[in-house]
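Participant: Residue numbers (this note's numbering): 6 to 218. Ideal Cβ placement from N, Cα and C applies to all residues, glycine included.
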Amino acid sequence: MQLEEIMNASDKMAQEVQSTLNILLEAPYFYKSDDERLFLLLLRHKKAFAAFFGKFFGWTLIVDSKCARLAKPKWYNEQITLPNRDMFTFTKRDECIAFMLLLEFFERETREQGVGVDDAENLRFRFGDLLEYSAGRFRALFPDKKEDYADVRCQQIIRGIMPTLSKYRFLRKLKPSPGDSIGEEETIYECLPAMWHYQAAQLAQPIVGGDVE
Numbered sequence: 006m007q008l009e010e011i012m013n014a015s016d017k018m019a020q021e022v023q024s025t026l027n028i029l030l031e032a033p034y035f036y037k038s039d040d041e042r043l044f045l046l047l048l049r050h051k052k053a054f055a056a057f058f059g060k061f062f063g064w065t066l067i068v069d070s071k072c073a074r075l076a077k078p079k080w081y082n083e084q085i086t087l088p089n090r091d092m093f094t095f096t097k098r099d100e101c102i103a104f105m106l107l108l109e110f111f112e113r114e115t116r117e118q119g120v121g122v123d124d125a126e127n128l129r130f131r132f133g134d135l136l137e138y139s140a141g142r143f144r145a146l147f148p149d150k151k152e153d154y155a156d157v158r159c160q161q162i163i164r165g166i167m168p169t170l171s172k173y174r175f176l177r178k179l180k181p182s183p184g185d186s187i188g189e190e191e192t193i194y195e196c197l198p199a200m201w202h203y204q205a206a207q208l209a210q211p212i213v214g215g216d217v218e
């Protein structure tokens, strides 16, 4: 069934399809928790939505049990240079490595906490644990530059990528309970479903071996 046929079924269905299309285009990721009813509509008619985006945009629709996203293989307006494109990316080597280490940390924590992609609850972690893990891994990756990756420097790098990870919906900073006063290291972050769409092993070689500064 084509998406147009689904929309013609009723005015309500047309509105729901239109809302789903807009949600897919309004953010890098559409999570089931954003609007469960529309997400289930997308799952139910996944082939029709995928065919629509493939035919008219040349994009690929990727959907799992909790997350949907559109993969765009090409940027058409070449007058919009890379720094001005609204897209998830890191350009400095240390930032790219920090993202890879976050993925490694995420994979380790999912094993230790026994969390799977289809679990109802997302993985949560203490920020101080990520800082400690990343500092150790930076020094392991660059044993000849350990002085360049002291704890303070590594913490600066990790702090620097957190706003981007929050903006593009990889992580969500959880607010403490009313009346609680906690330090930065005790802050709890939730790993959103987009984290499952990346693998540290696939990124490790090009990032660590690259010339990006």
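Which of the three DSSP states, helix, strand or coil, is assigned to A14?
Facilitator: Note: A14 maps to coil in three-state DSSP.
Participant: Let me know the beta strand (DSSP E) ranges lying completely inside the region 93-164, each 3 residues or longer, listed in chain order.
Facilitator: Fully enclosed beta strand (DSSP E) runs of 3 or longer: 129-131.
Participant: Are A53 and I67 closer than 9 Å when you measure CB to CB?
Facilitator: No, the pair does not count as a contact, with Cβ atoms beyond the cut-off.
Participant: Should E114 and F130 be called a contact, given that it needs their Cβ atoms to be closer than 9 Å?
Facilitator: Taking 9 Å as the Cβ cut-off, E114 and F130 qualify as a contacting pair.
Participant: Going by the beta-carbon positions, is the gap between L87 and L107 smaller than 9 Å?
Facilitator: No, these two residues do not count as a Cβ contact at 9 Å.
Participant: In the DSSP assignment, what residue or residues form a beta bridge with E195?
Facilitator: Paired residues: R129 and R177.
Participant: Got a sec? Which residues, its chain only, sit under 6 Å from V120 by beta carbon, not counting five neighbours each side?
Facilitator: Answer for V120: L128, listed in chain order.
Participant: In whole angstroms, give me the CA-to-CA distance for L47 and M167.
Facilitator: Using only the alpha carbons, I get a separation of about 30 Å.
Participant: Using the Cα positions of F104 and K180, report the straight-line distance between them to the nearest angstrom.
Facilitator: Rounded to the nearest angstrom, the two C-alpha atoms are 23 Å apart.
Participant: Expressed to the nearest angstrom, what Euclidean distance is found between the alpha-carbon atoms of E112 and S15?
Facilitator: Rounded to the nearest angstrom, the two C-alpha atoms are 44 Å apart.
Participant: Taking E195 as the reference, which of D123, S139 and L176 has the closest Cα?
Facilitator: Among D123, S139 and L176, the Cα nearest to that of E195 belongs to L176.
Participant: Might you give, ordered along the chain, the residues of its own chain that have their beta carbon closer than 7 Å to the beta carbon of W80, omitting 5 neighbours on each side?
Facilitator: Closer than 7 Å at Cβ, skipping near neighbours: R90.
Participant: Tell me where the beta strand (DSSP E) around A55 begins and ends.
Facilitator: Element bounds for A55: not the beta strand (DSSP E) but the alpha helix (DSSP H), K51 to F61.
Participant: So, is P198 buried or exposed, given that buried needs 16 or more other C-beta atoms within 10 angstroms?
Facilitator: The residue in question, P198, is buried, as its Cβ has 16 or more Cβ neighbours within 10 Å.
Participant: Going straight from the alpha carbon of Q160 to that of I102, what length do you get?
Facilitator: Cα-Cα distance, rounded: 13 Å.
Participant: Would you report the Cα separation of P183 and F132, rounded to the nearest angstrom?
Facilitator: Roughly 19 Å separates the two Cα atoms.
Participant: DSSP three-state label for T86, please.
Facilitator: Three-state DSSP puts T86 in coil, outside helix and strand.
Participant: Looking only at its own chain, which residues have a Cβ that is under 8 Å from the Cβ of F61, when we skip the five neighbours before and after it?
Facilitator: There are no such residues.
Participant: Could you tell me which residues DSSP pairs with T65 in its beta bridges?
Facilitator: DSSP output for T65 lists A76 as bridge partner(s).
Participant: Would you please verify whether the beta carbon of A103 is less than 9 Å from any beta carbon of chain D?
Facilitator: The question asks about chain D, but that chain is absent: this structure has only one protein chain.
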